[in-house]
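Residues -26 to -1, 1 to 256 in mature numbering (1 follows the signal peptide of the UniProt record, and there is no 0) are what the sequence shown lists, from first letter to last.
Think of the CB as a built atom: it goes at the ideal place given N, C-alpha and C, for glycine as much as any other residue.
Since we're looking at a predicted model, the values are computed, not measured.
Shown next, in structure tokens, is the structure this report addresses.
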Amino acid sequence: MQKSTKRVLGVAGICVVAAASGYVGAGLSSGSESGGVGGPQGSFIDDIKDRGELRVGVAIAAPMTVQGADGTLGGPNLIPLRALADQLGVELKPVAAEWKNIVAGLQADRYDFAANLDYTVERSLAIQFTDPVYEYQAVYVVKADSPHTTAEQIRADGGAVATAQGSAPEKAVQETGLTVMPVDNYSNALSALQAGRVIAEFADLPTAEAQTLADPSLKIVVPNPPIYSASAAYGIPADTDTRSLQIINIAIERARESGQLARAYADVDYHEIDDLGDLVKK
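Below you can see the structure in the form of structure tokens.
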């Protein structure tokens, strides 16, 4: 994905529209490519309403998905689903997950949505995806005193790189030939970097920004050309019906265009990849 095409997509106030068939791209100019199969039309949404709660699996990738000091799961990525839950008159119920098992949890009906999930072919064979909520590029995080300022230098070093096991960036960085240390989450990947067990962490841009903003002893190295770029959406069960998928996609589109997501990103100091300033290793 080229830098010129990257933009942070905005969100919130939702107008849930019941439509006859197809997906959001068929009725709007959003360019949606998601589709659905499933059983009776509207049954996925009806099940959520009957249950009285919209369950969402959340693996931590700050600032998009976070866990508060009291254990509460949240973050900007949940804003469209919270608005959808409000429109349906149900409670939003975040459920803790990890990247290595978030898809399995969706398949096991532990939750209705898997939050902040990248499009991959492997995942699409097991589940469906909604329209994207935002797009990003994966980057390296290094110590500020690291000699490495480019992805090529990191690769030439021969040292290990840490990343979150089961995350989409993990497979991409493995394909570069680097020695990869997979760990349970990005917090542990950062700990490995700080302890000197690896020379870099490979993470999604939002996570990397949150880490470097919190710790000035860290910097970002942006691979050029990109090693991994993605659209982050919600994962939903493979048999979700088309009408329910359309309702969800319209909710995302309305949230995206309202500007609430963009404001939420600004609140957590999230920037596009060509606007990182001093966060970049020089």
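Hey, how far is the Cα of residue i from the Cα of residue j?
{"i": "Glu72", "j": "Ala78", "result": "10 Å"}
{"i": "Ile22", "j": "Leu52", "result": "16 Å"}
{"i": "Gln148", "j": "Met38", "result": "24 Å"}
{"i": "Ala118", "j": "Glu27", "result": "45 Å"}
{"i": "Leu235", "j": "Val32", "result": "18 Å"}
{"i": "Glu96", "j": "Asn90", "result": "16 Å"}
{"i": "Ile34", "j": "Pro14", "result": "33 Å"}
{"i": "Phe18", "j": "Lys67", "result": "16 Å"}
{"i": "His122", "j": "Val116", "result": "8 Å"}
{"i": "Asp83", "j": "Leu47", "result": "19 Å"}
{"i": "residue 306", "j": "Thr181", "result": "Not covered by the structure: residue 306. The range shown for the chain is -26 to 256."}
{"i": "Val254", "j": "Asp189", "result": "13 Å"}
{"i": "Gly(-2)", "j": "Glu144", "result": "For Gly(-2), the predicted model reports a pLDDT of 35, less than 50, meaning its position is unreliable and no value from the coordinates is stated."}
{"i": "Thr186", "j": "Leu164", "result": "10 Å"}
{"i": "Leu80", "j": "Val107", "result": "18 Å"}
{"i": "Asp248", "j": "Asp131", "result": "26 Å"}
Determine the DSSP secondary structure at residue i, reduced to helix, strand or coil.
{"i": "Gln139", "result": "coil"}
{"i": "residue 259", "result": "Nothing about residue 259 can be reported from this structure: the residues present for the chain run from -26 to 256 only."}
{"i": "Asp213", "result": "coil"}
{"i": "Tyr93", "result": "coil"}
{"i": "Glu231", "result": "helix"}
{"i": "Leu192", "result": "strand"}
{"i": "Ser218", "result": "helix"}
{"i": "Leu179", "result": "helix"}
{"i": "Lys256", "result": "coil"}
{"i": "Ser98", "result": "helix"}
{"i": "Glu27", "result": "strand"}
{"i": "Tyr239", "result": "helix"}
{"i": "Ala204", "result": "strand"}
{"i": "Ala134", "result": "strand"}
{"i": "Ala184", "result": "helix"}
{"i": "Ala225", "result": "helix"}
{"i": "Ala88", "result": "strand"}
{"i": "Val115", "result": "strand"}
Is the distance from the Cβ of residue i to the Cβ of residue j below 9 Å?
{"i": "Arg237", "j": "Pro54", "result": "no"}
{"i": "Gly16", "j": "Arg217", "result": "yes"}
{"i": "Asn223", "j": "Thr104", "result": "yes"}
{"i": "Glu183", "j": "Ile201", "result": "no"}
{"i": "Gln111", "j": "Ser191", "result": "no"}
{"i": "Arg92", "j": "Ser205", "result": "A quick correction: the sequence has Asp, not Arg, at residue 92. Yes, the Cβ-Cβ distance between Asp92 and Ser205 is below 9 Å."}
{"i": "Arg129", "j": "Gly151", "result": "yes"}
{"i": "Ile173", "j": "Ser232", "result": "no"}
{"i": "Ala88", "j": "Tyr208", "result": "yes"}
{"i": "Ala125", "j": "Ala177", "result": "no"}
{"i": "Asp167", "j": "Ala136", "result": "It is Leu, not Asp, that sits at residue 167 in the sequence shown. Yes, the pair counts as a contact, with Cβ atoms nearer than the cut-off."}
{"i": "Tyr57", "j": "Ala225", "result": "For clarity, residue 57 is Ala in the given sequence; the question names Tyr instead. Cβ distance < 9 Å, so Ala57 and Ala225 count as in contact."}
{"i": "Ala134", "j": "Val154", "result": "yes"}
{"i": "Ile101", "j": "Ile210", "result": "yes"}
Q | Secondary structure, alpha helix (DSSP H): runs of 4+ residues fully inside the stretch 141 to 177 | A | Taking 4 residues as the shortest admissible run, the stretch 141 to 177 contains the following complete alpha helix (DSSP H) segments, listed from N- to C-terminal end: 142 to 148 and 160 to 168.
Q. Looking at C-beta atoms only, is the number of pairs between the stretch 22 to 40 and the stretch 60 to 75 that lie closer than 8 Å three or more?
A. At 8 Å Cβ cutoff, the stretches touch.
Q. Fully enclosed by the stretch 34 to 79, which beta strand (DSSP E) runs are 3 residues long or longer?
A. Segments of the beta strand (DSSP E) lying fully in the stretch 34 to 79: 65 to 70.
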